[in-house]
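For reference, the structure is listed below as structure tokens.
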Amino acid sequence: MLDVLLDTVLDSVRLLPFLFLTYLFMEALEHHTGSRLSRKIQSAGKWGPVWGGLLGVIPQCGFSAAASSLFAGRVITVGTLVAIYLSTSDEMLPILISESVPVATIVKILGSKVIIAVLSGLIVELVYVRLLKKQEKEMDIHVVCEEEHCHCEDGIVVSAFKHTVKIFCFIFLISLVLNGVIGLIGEETLAGLFSGLPVVGELIAALVGLIPNCASSVVITQLYLDGIIRSGAMMAGLLVNAGVGFLVLFRLNRDYKQNAAIIATMYVLGVLWGVMIEACGIVF
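Residue 20 is where the sequence shown starts when you use this note's numbering, and the numbers rise one by one after that.
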């Protein structure tokens, strides 16, 4: 147990400078481009899912939460919302960068998410958008930071520091649990839970990804980097991982049946794309 604790501390501490620099860049990007990207998606019209998928992949503070607010005000359509949800990755990108994952691998993962998000959003748009004819009053997008408590208003350095500390704690605790579990039952046994039966890994990973918390994307990314889950399960979990966007959706959109249908659609899409990636033998 002492060895597990020591390894977890060392592995987590060495990520700190990389996490801070990554979040500093992300905060700077958000402060300079956030409002312009939101306006672009609002004015995209029928091309909303395309812009949602393309712009959703850009790391920003509370982008999925902003999308939930816009959808609750009927400023964007269901297809655009789904595209943004599928494209965002919460804490995946900072972890991949801090773990020195090759740039080519990161680009492949992000590119795949964008393509999947755009195609899925357009399909959802064709199925649902004609049913959403009522235009409701636009909501105030500034409520997003209050809902997420992301402290975007504190300045980029303070915000980056707070994000770094928060995710460091998540990484440390999750790594400690994973290292302990792996030490007890063995890496091969744990991997067998995800890969022993077809589709099971994607079903489980997508369920984990639905958890509206930073921890879910941390778990999925770490499991993939540790070789516990494969590309299909990883993508299934990260596609459905919209972070606090789901919480904001339920808080602001009072049509709870519609909210449940959106989340169910996200889950089905995540599993289907994950299974397809696994069946095609795609490796990132």
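Cβ atoms here follow ideal geometry from the backbone N, Cα and C, with glycine treated the same way. Keep in mind that this is a model prediction, so the values were computed, not measured.
Buried or exposed, going by whether 16 or more other CB atoms sit within 10 Å of the CB of Glu167? As a position in the sequence shown, residue 167 is number 148, starting the count at 1. For Glu167, the pLDDT reaches just 42, beneath the cut-off of 50, and the residue's location in the model is therefore unreliable, although a value from the coordinates is still provided. Buried, because 16 or more other Cβ atoms sit within 10 Å of the Cβ of Glu167.
Segments of 4+ residues assigned as alpha helix (DSSP H) that fall wholly inside the region 245-295: Whole alpha helix (DSSP H) segments, 4+ residues: 250-258, 264-271.
Using the beta-carbon count (16 or more within 10 Å), is Pro217 buried or exposed? As a working note, residue 217 is residue 198 in the sequence shown. Classification of Pro217: exposed, given that the 10 Å Cβ count is below 16.
Should the region 120-130 be called in touch with the region 267-283, which here means at least 3 C-beta pairs below 8 Å? Between the region 120-130 and the region 267-283 there are fewer than three C-beta pairs closer than 8 Å, too few to call the two in contact.
According to DSSP, simplified to helix, strand and coil, what is Thr96? Start at 1 with the first residue of the sequence shown, and residue 96 comes out as number 77. Coil.
Under 8 Å by Cβ, that's how I've got Gly130 and Gly228 pegged, so tell me the actual separation to the nearest angstrom. The residue labelled residue 130 in the question sits at position 111 within the sequence shown. The residue labelled residue 228 in the question sits at position 209 within the sequence shown. Actually they do not touch by this definition, with Cβ atoms about 19 Å apart.
Inter-residue spacing [alpha-carbon to alpha-carbon] between Leu268 and Ala84: Residue mapping note: residue 268 aligns to position 249 of the sequence shown, counting from 1. Residue mapping note: residue 84 aligns to position 65 of the sequence shown, counting from 1. One C-alpha to the other measures close to 8 Å.
Verify whether the separation of the beta carbon atoms of Met295 and Val259 is less than 8 Å. On the sequence shown, position 276 is the one that residue 295 refers to. On the sequence shown, position 240 is the one that residue 259 refers to. If you check the CB distance, Met295 and Val259 do not come in under 8 Å.
Just verifying my parser: in three-state terms, what is the DSSP assignment at Ser131? By one-based count along the sequence shown, residue 131 stands at place 112. For Ser131, the three-state secondary structure derived from DSSP is helix.
Do you know offhand how far Pro231's Cα is from Gly256's? Along the sequence shown, one-based indexing puts residue 231 at 212. Along the sequence shown, one-based indexing puts residue 256 at 237. Roughly 12 Å separates the two Cα atoms.
Neighbour-count burial assignment, Gly300, 16 or more Cβ in a 10 Å radius: If you number the sequence shown from 1, residue 300 lands on position 281. Gly300 comes out exposed.
Quick check on Gly72: does DSSP put it in helix, strand or coil? As a first step, residue 72 is located in the sequence shown; it is residue number 53 there, counting from the start. The answer is helix: DSSP assigns Gly72 an H, G or I state.
Is the Cβ-Cβ distance between Glu297 and Glu221 less than 8 Å? Here residue 297 refers to the residue found at position 278 of the sequence shown. Here residue 221 refers to the residue found at position 202 of the sequence shown. In this structure, Glu297 lies near Glu221, with their beta-carbon atoms less than 8 Å apart.
For the alpha helix (DSSP H) containing Val227, list its first residue and its last residue. Position 208 of the sequence shown, counted from the first residue, corresponds to residue 227. Counting along the chain, the alpha helix (DSSP H) containing Val227 begins and ends at 219-228.
How close, in whole Å, do the beta carbons of Trp292 and Met253 come, if the pair is a contact with beta carbons under 8 Å? As a working note, residue 292 is residue 273 in the sequence shown. As a working note, residue 253 is residue 234 in the sequence shown. Trp292 to Met253, Cβ: 11 Å. No contact.
Rounded to the nearest angstrom, what separates Leu242 and Val302 at their Cα positions? Taking the sequence shown and counting its residues from 1, one reaches residue 242 at position 223. Taking the sequence shown and counting its residues from 1, one reaches residue 302 at position 283. Approximately 15 Å between the Cα atoms of the pair.
Compute the distance between the beta-carbons of Leu195 and Leu24, then report whether it is under 8 Å. Reading the sequence shown from its first residue, position 176 is the one you call residue 195. Reading the sequence shown from its first residue, position 5 is the one you call residue 24. It is a contact, given that the beta carbons lie within the stated cut-off.
Between which two residues does the alpha helix (DSSP H) holding Phe82 run? Here residue 82 is taken as the residue at index 63 of the sequence shown, counted from 1. Note, Phe82: alpha helix (DSSP H), 82-91.
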